[in-house]
Every structure is written in structure tokens, then in C-alpha cells.
Amino acid sequence: EATGGTGLGAAAVARHRLSSGAERHDAGLATSITSSGIEKCDSPDDTSSIEGSTSHSLIEAESSSGSADDDLQCVLKDMDEYEFVVGVAEDRNKRCRRTMEDTHAFIYNYEGITGHGFFAIFDGHAGKAAADWCGQHFHEVFGRILEEKSEQAGVDFQELVNEAFLEVDRQLAEALQQGRSSGCTAIMAYIRKEDNKRVLYTGNVGDARAVLSHKNRAVRLSYDHKGSDHTEAQRILDVGGFVMNNRVNGVLAVTRALGDSSMKEFIIGAPYTTRTEIGVDNPYLILACDGLWDVCSDQEAVELVKEVVCPTKASQLLLEHALQKFSTDNISVMVVRLNV
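Count along the sequence shown from 1, then add 1; that gives the number in our numbering.
As C-alpha cells, this is what we get:
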């Protein structure tokens, strides 16, 4: 994938770690961006981390009730209190999958600060152990890093996101000594206030994505780390691996992930990160695993939800779209309403 301008101008900066020590800076962004209820958490120690699939029919029943005016009033109330509203939908996709290996987490008032938020989806492979661990602990690791370093002069929050991914990857290897083949892709987003501005930071490894709606146009805030990507394939070759049928060493389709300790020489945890100032032209942020993106383009996702006020209904709409398009994977979708 190429990186380039997004129309967000100097307010957007992307950075791609090529390894734990090297990085590429881009003057722009790559372009091509549970439970059915809303959980409000008041401390960094609280999160909604799901360890199984939620009934599709229950989500649909809850999401379909209520008028548009009711939705608007509910969203406005929560926006006034928390400055954003989160909706999540997930489905095992029982036609194709026997188990649910996705987890997610989101936190209102992250770090105990109104308007700050943490959001993440982890898509497991070779078992759910890595995704479960990340769903329970990623926000804690990142929170400790923020507590230690966020007040330092000239702090680079993109670098702190990078540091969090690498530290999670290290701790995960220690925690899963008996599950060295388990891994997960990860997409995380962090909203904070900086000098009266709302700033969104994202980081990802693998092919889970973040897509920001900007004037009804999709802006991808992540990078698909796949064996089909020429830059990533060359990195694998440079360290002695090979890519066969777009899979690393003929095994794994993604070239970066958390966990996968048995292949860590090739499957690194160094993330792609972005920094974006958000405003009234950015109503929604969409996070989802490849169960959605394999059958839905970034722009299609933005078009589908642009008239939907309630983020829970928006996430459910995207999930249903993926099922109707015959997605063959677990599906997890998180929609964050940033502005009304």
C-alpha cells in the first residue's frame, strides 16, 4: 500500500515501524481508514473485554428498537457526558467458524480524564489465548506507559503507542509459554485532548483496520500487514524467511501480529501508527477485524453508516452487511461516534 495525502493536511501524521529500531515517516496517511450495549468505565482498570460471541439475534432486537429521535437524544446525552459514544457488534459467523477468536475492549474516561478514550479489537489465530490476553491487559500496559511518560517535555504519543505494542508483545511471549503458536492482529485507538484540540492516535499490526469518516470520505488510519504486500514480503525475505501463496513461511497470512512467539523472527509486533486532529468533519471512527474488511471497502463502510446516529446500530449494520456478503471469518465491529 502507498501512503499519501488524505485531505486532513498537516493535522495528520503517519509513521510506520519497519522493525523495533527503524521507522518510516510519512507526511500523510495511507488511503484506500461483546456486547450490544454501551459500557461506561470510570477508571483505566475497567474495560469491556469480551470472551465469546454475542447472540446476533439479541443484538438485532436491541438495536432495532427506538426511533431516530430517541437515538439522537440518547447519543446527545452521552456525548455531553463522555464526548464520544461507542457501539459494538460481533458474531462468530457460525456458518464458517466453530469458535470465536476475536476480543475487544473500550474504556470511557481513560486515565480518569473526561473525553479520553481507549478502543481496541484483537483478532486471534491459532487459538484465542493471545487475543484474550490482549483484551484484558493491553489497556493496562498502555496506561502504565502513559502514566510514566505522558507529562514529559516533548513527549511523542505516537512513540508511546509504538512502545505499548512492543511491550505487550514482550509480555505476551512470557505469559503464553504453553501457547507459543497463538497470536492476534490488533487495532487500537486512543483519543486525548491536547491544547483544546481532540487528537486521535492509532496503532495496528496485521489486517484489522481503523477507518475515519472525514466529510463522508473514508480515511484509513491503519496499514494491512500481509504477505501480499511487497514491502512486507521483502522484509520477511531479508531476515531469512519466505512468502509462499502470500503466507509467511507458507503458514500465516499476516506479517505482523502480537504473539506468534514461535515465528517472532518474522512476525514482528512493531506497529503502524498515526496521529490525527479530529473535528466536526469527523463524525465516526470505525474499527473492525478482517471479517468485515474482506467483504467491505473502507468507503462502503462509511457510506453505510453515515446517516445512522446510534453507533450500536451502525456497528450492527456493518456486521449484518458482512454476513450478507458471505464473510467467512469471525466478525467484530466497533463504531465510535465522535461528533453529532
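Cβ coordinates follow ideal geometry from the N, Cα and C atoms, glycine included.
| Asked | Found |
| --- | --- |
| contact_flag[the segment 240-250, the segment 316-330] where n(CB pairs < 8 Å) is 3 or more | no |
| Assumed close pair residue 188, residue 210 - CB separation to whole angstroms, cut-off 8 Å | 6 Å |
| Proximal residues to residue 266 (C-beta, below 8 Å), its chain only, five neighbours per side dropped | 240, 241 and 242 |
| Straight-line Cα distance separating residue 222 from residue 14 | 10 Å |
| Exposure label - residue 270; buried when at least 16 CB within 10 Å | buried |
| For residue 127 and residue 339, the rounded distance between their alpha carbons | 34 Å |
| Other residues of its chain near residue 200: CB distance less than 8 Å, five sequence neighbours each side excluded | 158, 192, 193, 194, 276, 277, 278 and 279 |
| Endpoints, the alpha helix (DSSP H) within which residue 359 is located | The structure shown has nothing for residue 359, since the chain only spans 2 to 341. |
| Three-state secondary structure (DSSP) of residue 111 | helix |
| Through-space distance from residue 162 to residue 107, alpha-carbon basis | 16 Å |
| Helix, strand or coil at residue 335 according to DSSP, with G and I counted as helix | strand |
| Proximity of residue 186 and residue 208 at Cβ, strictly below 7 Å | yes |
| Nonlocal neighbours in the same chain, by C-beta distance under 6 Å from residue 90, ignoring five residues either side | 60, 316, 317, 320 and 334 |
| Segments of 3+ residues assigned as beta strand (DSSP E) that fall wholly inside the segment 95-140 | 103-109 and 118-126 |
| Where the beta strand (DSSP E) containing residue 92 begins and where it ends | 86-92 |
| Minimum C-alpha distance to residue 103 - residue among 204, 227, 288 and 166 | 288 |
| Spatial neighbours of residue 304 in its chain, beta-carbon cut-off 8 Å, leaving aside the 5 residues before and after | 217 |
| Every unbroken alpha helix (DSSP H) inside the segment 245-318 [4 residues or more] | 291-294 and 299-306 |
| Whether residue 272 touches residue 184 by CB criterion (7 Å) | no |
| DSSP-derived helix/strand/coil call for residue 152 | coil |
| Outcome for residue 1 when other beta-carbon atoms lying within 10 angstroms are tallied against a minimum of 16 | Coverage of the chain is limited to positions 2 through 341, which leaves residue 1 absent and any answer about it impossible. |
| Beta-carbon proximity check, residue 119 vs residue 140, cutoff 7 Å | yes |
| Start-to-end residues for the beta strand (DSSP E) that takes in residue 174 | Segment 158-176 is the alpha helix (DSSP H) holding residue 174; no beta strand (DSSP E) there. |
| Beta-ladder partner(s) of residue 201, from DSSP | 192 and 277 |
| Other residues of its chain near residue 329: CB distance less than 6 Å, five sequence neighbours each side excluded | 97 |
| Rounded separation between residue 92 and residue 149 - CA only | 37 Å |
| Environment of residue 251 [buried if 16+ CB atoms lie within 10 Å] | exposed |
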